[in-house]
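Working notes, beginning with the structure itself.
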Amino acid sequence: MSESKIPAPPSSAGAPRAGNPLLEVRDLQVVYGGIRAVKGIDLHIDRGELVALIGSNGAGKTTTLKALAGLVHPAGGQIRYEGGELHSIAAHRRAAMGIALVPEGRGVFARMTIAENLLMGAYSRSDKIEIATDLDRMYALFPRLAERKYQLAGTLSGGEQQMVAMARALMSRPRLLMLDEPSMGLAPLMVQKIFATIRDIAALGMSILLVEQNARLALQVAQRGYVMESGAITLSGSATELLGSDAVQRAYLGG
Amino acid sequence: MEILLQQIINGLVQGSIYALVALGYTMVYGILGLINFAHGEVVMVGAMLVLSSLTAMLGWGVPPVLALPISVMLAITGCMALGYGIERIAYRPLRHAPRLAPLITAIGVSIVLQNLAMMIWGRDYHSFPQLFANTTHSFGGAVINDIQIIIFVMAVAIMAGLMVVVHHTRLGRAMRAIAENQHAAQLMGVDVNRVISITFMLGSAMAAVAGLMVSANYGLAHYYMGFLLGLKAFTAAVLGGIGNLRGAMLGGLLLGLIESLGAGYIGDLSGGFFGSNYQDVFAFLVLIAVLVFRPSGLLGERLAERA
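Line order of the protein sequences matches chains A and B.
For the first sequence, the numbering used here begins at 450 and goes up steadily by one.
For the second sequence, the numbering used here begins at 6 and goes up steadily by one.
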């Protein structure tokens, strides 16, 4: 594919485009179950940026995240992370390289305690003292989890499980945090809470790729966004631009 | 009353061996959803390796106190390598194949191992050498000998050790994580293939020890011994709830007790029509009963979607 597919640079809001983005995806193609789920997309995330990837159900957003995390193998294209090519690197190695994915449906270990789930997040780390400090940080960030440390994660509510999944991802001290539909299936109050936390984490300088069906919510916290439709990116720009765009208004914001 | 006590002792000793083997089945099932039907043969290979290395060393004049631990370590190492190889050759290439495929390769591996063992060790029964005076202790009218005591204590210690590994170490957490959600485990940085290999090696090490125990307990080993033992240990794992470690231990001990009590009383109950040689029937009656009345086993919760 041609080089002309590099996404439009952000115009007004958001961090200025750095010369060396944290993640740069070019012409990514994924074939999933015989279907071309991702048809050659380009996107990038700069350090410290919160980027939203929005689009309707089945647009290929989750498949894109899975390809970035190494759970599915792309049929073509490049994924450069911190300047290196990820293509031949297995999922578990990517986790150790600082790429964390909070998967759709959260993927908490239901038969493990919350504390064990968080320790699983730190699986690739060997700095015991720092791990203990980070555990305390997570319990401070999510006080509800602190009260339930030794409870099995499967007994928690959906919102609490989302907190476990996020805290677990943060325990790896990621340099790129990817969140897949964190609002899915949660009560409105819990959604607000989760998004407030996402904002807090971003404010600390974390680079985040946020996939959401709830476009308004995602664009309200993001600096930039991409709109994905049937496997291709159809629009990109600053979050304010996208929120104001007629096309996005009509398709995803209900008016 | 003496018979009852005696059968309980025999049942617990035999049951602790079943439990060790059942753990191997259940660990692999828990992680891969696969029944490693070649596991019984690993027990047999363990017994054979202990026996032949022990006999050889005693023949060279190595004192038993030295020969026994060396041959046990040899058998454990050999079985770990075997378990690793079985997974790499027979199961890993079929990780994403339909469920029936690895089941068939498992049976294939089992037949290959039996035949290899027959070629190497022959068709004869091998007797376990007498290493020390096996003192018999009697209490309450029942007897127990040193070997039985050692078997039971060792089995309990190994099971306790395994529980510590599974529940309190990084490796154990990784194993449980894979059992629940392989993709999520990978996202945490777990090298799934490596942990699966280690699981097979752990199960095979326990199988080697179980092989030593069986041959020491009966004083015999044979190339065919793994088949029935494997089936019974599998039954024990199903009885306890396959995939559940505590279930495998409970199932092993219960199956040992059921067999032993059944064999002890079947003569009286059937007016002498059946003798204790019908012992093996009980294990399979238990298997059928569990599959009919409680397919998830005593402690199992989730069988349906995995079987």
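Even for Gly, the Cβ is constructed at its ideal location relative to N, Cα and C.
The structure presented is a predicted model; accordingly, all values stated were derived computationally and were not measured.
Give me the chain A residues within the contact set of residue i, using Cβ-Cβ distance strictly less than 7 Å, ordered along the chain.
{"i": "N186 of chain B", "result": "G556, F558"}
Just how far apart, CA to CA, sit residue i and residue j?
{"i": "I36 of chain B", "j": "S132 of chain B", "result": "36 Å"}
{"i": "S573 of chain A", "j": "A138 of chain B", "result": "51 Å"}
{"i": "L71 of chain B", "j": "V18 of chain B", "result": "25 Å"}
{"i": "I455 of chain A", "j": "I490 of chain A", "result": "Reliability fails at I455 of chain A, whose pLDDT of 42 lies under 50, so the model's placement of it is uncertain and the value that follows must be treated cautiously. Each residue's alpha carbon lies about 9 Å from the other."}
{"i": "T582 of chain A", "j": "A589 of chain A", "result": "11 Å"}
{"i": "G693 of chain A", "j": "E92 of chain B", "result": "56 Å"}
{"i": "G257 of chain B", "j": "L638 of chain A", "result": "50 Å"}
{"i": "A602 of chain A", "j": "I183 of chain B", "result": "16 Å"}
{"i": "S460 of chain A", "j": "Q672 of chain A", "result": "In this prediction, S460 of chain A has a pLDDT of 41, which is less than 50 and means its spatial position is unreliable; nothing more can be read from the coordinates."}
{"i": "A242 of chain B", "j": "Y223 of chain B", "result": "23 Å"}
{"i": "V697 of chain A", "j": "G507 of chain A", "result": "17 Å"}
{"i": "L54 of chain B", "j": "P552 of chain A", "result": "47 Å"}
{"i": "N469 of chain A", "j": "Y530 of chain A", "result": "10 Å"}
{"i": "V487 of chain A", "j": "A518 of chain A", "result": "15 Å"}
{"i": "I538 of chain A", "j": "V197 of chain B", "result": "14 Å"}
{"i": "K69 of chain B", "j": "T174 of chain B", "result": "Note on identity: in this sequence residue 69 of chain B is Pro, with Lys being the wrong assignment. Approximately 35 Å between the Cα atoms of the pair."}
{"i": "L259 of chain B", "j": "R199 of chain B", "result": "33 Å"}
{"i": "P465 of chain A", "j": "L514 of chain A", "result": "In this prediction, P465 of chain A has a pLDDT of 45, which is less than 50 and means its spatial position is unreliable; nothing more can be read from the coordinates."}
{"i": "Y599 of chain A", "j": "L584 of chain A", "result": "13 Å"}
{"i": "N249 of chain B", "j": "L225 of chain B", "result": "31 Å"}
{"i": "F144 of chain B", "j": "Y270 of chain B", "result": "21 Å"}
{"i": "A189 of chain B", "j": "V557 of chain A", "result": "8 Å"}
Taking residue i and residue j to be in contact with their CB atoms under 8 Å, please state how far apart those CB atoms are, rounded to whole angstroms.
{"i": "S265 of chain B", "j": "N15 of chain B", "result": "5 Å"}
{"i": "G526 of chain A", "j": "L477 of chain A", "result": "4 Å"}
{"i": "L702 of chain A", "j": "R665 of chain A", "result": "5 Å"}
{"i": "G608 of chain A", "j": "K642 of chain A", "result": "7 Å"}
{"i": "I156 of chain B", "j": "S21 of chain B", "result": "6 Å"}
{"i": "I203 of chain B", "j": "L167 of chain B", "result": "No, I203 of chain B and L167 of chain B are not in contact; Cβ-Cβ is about 12 Å, not under 8 Å."}
{"i": "A614 of chain A", "j": "R699 of chain A", "result": "Wrong, their Cβ atoms sit about 32 Å apart, outside the cutoff."}
{"i": "R181 of chain B", "j": "V171 of chain B", "result": "7 Å"}
{"i": "L25 of chain B", "j": "I163 of chain B", "result": "6 Å"}
{"i": "G674 of chain A", "j": "L691 of chain A", "result": "5 Å"}
Have a look at the options and flag the residue whose alpha-carbon is nearest the alpha-carbon of residue i.
{"i": "G497 of chain A", "options": "A:L471, A:K510, A:Y481, A:S505", "result": "A:L471"}
{"i": "V660 of chain A", "options": "A:I494, A:R593, A:P631", "result": "A:P631"}
{"i": "F591 of chain A", "options": "A:A645, A:T683, A:R560", "result": "A:A645"}
{"i": "A210 of chain B", "options": "B:E7, B:I22, B:V48", "result": "B:V48"}
{"i": "V474 of chain A", "options": "A:D649, A:T562, A:I494", "result": "A:I494"}
{"i": "E678 of chain A", "options": "A:N469, A:L626, A:T511, A:L499", "result": "A:T511"}
{"i": "F205 of chain B", "options": "B:A27, B:S21, B:I271", "result": "B:A27"}
{"i": "Y23 of chain B", "options": "B:Y96, B:I8, B:G88, B:A160", "result": "B:A160"}
{"i": "T31 of chain B", "options": "B:R251, B:A102, B:L259", "result": "B:R251"}
{"i": "M627 of chain A", "options": "A:A486, A:A501, A:G483", "result": "A:A501"}
{"i": "P103 of chain B", "options": "B:G248, B:G38, B:L176", "result": "B:G38"}
{"i": "Y34 of chain B", "options": "B:Y283, B:G208, B:V295, B:L59", "result": "B:G208"}
{"i": "K237 of chain B", "options": "B:P74, B:A226, B:A253", "result": "B:A253"}
{"i": "G261 of chain B", "options": "B:Q12, B:I152, B:I8", "result": "B:Q12"}
{"i": "L296 of chain B", "options": "B:S115, B:I247, B:I263, B:H173", "result": "B:I247"}
{"i": "S220 of chain B", "options": "B:V77, B:I8, B:V291", "result": "B:V77"}
{"i": "E46 of chain B", "options": "B:V286, B:A165, B:I271, B:Q119", "result": "B:Q119"}
{"i": "H142 of chain B", "options": "B:P134, B:L303, B:Q135, B:Q153", "result": "B:Q153"}
{"i": "L292 of chain B", "options": "B:L192, B:G245, B:F278, B:F279", "result": "B:G245"}
{"i": "G146 of chain B", "options": "B:G277, B:G235, B:E7", "result": "B:E7"}
{"i": "A540 of chain A", "options": "A:K577, A:V521, A:G532, A:S687", "result": "A:V521"}
Mind pulling the chain B residues with CB within less than 9 Å of residue i?
{"i": "L520 of chain A", "result": "H188, Q191, L192"}
{"i": "Y572 of chain A", "result": "R175, R178, A179, A182, A190, M193, G194, V195"}
Run through chain B and tell me which residues come within less than 8 Å of residue i, C-beta to C-beta.
{"i": "I552 of chain A", "result": "A small correction: the amino acid at residue 552 of chain A is Pro; Ile does not occupy that position in the sequence shown. Residues of chain B passing the Cβ test: H188, A189, L192."}
{"i": "M587 of chain A", "result": "Ordered by position in chain B, no residue passes the 8 Å Cβ test against M587 of chain A, which lies about 15 Å from the chain."}
{"i": "A545 of chain A", "result": "G194"}
{"i": "S621 of chain A", "result": "M193, G194"}
{"i": "M561 of chain A", "result": "R178, R181, A182, E185"}
In chain B, which residues lie less than 7 Å from residue i when you measure between Cβ atoms?
{"i": "M569 of chain A", "result": "R178, A182, M193"}
{"i": "A540 of chain A", "result": "Q191, L192"}
{"i": "E565 of chain A", "result": "R178"}
Check your understanding: Do the region 39 to 54 of chain B and the region 105 to 112 of chain B meet, that is, are 3 or more Cβ pairs less than 8 Å apart?
Key -> yes
Practice item. Decide if the region 80 to 92 of chain B is in contact with the region 212 to 222 of chain B; the criterion is three or more beta carbon pairs, one per stretch, under 8 Å apart. Key: yes
Practice item. Would you check if there are 3 or more beta carbon pairs closer than 8 Å linking the region 61 to 71 of chain B to the region 226 to 234 of chain B? Key: no
Review point. Taking contact to mean at least 3 C-beta pairs separated by less than 8 Å, is the region 541 to 556 of chain A in contact with the region 613 to 620 of chain A?
Key: yes
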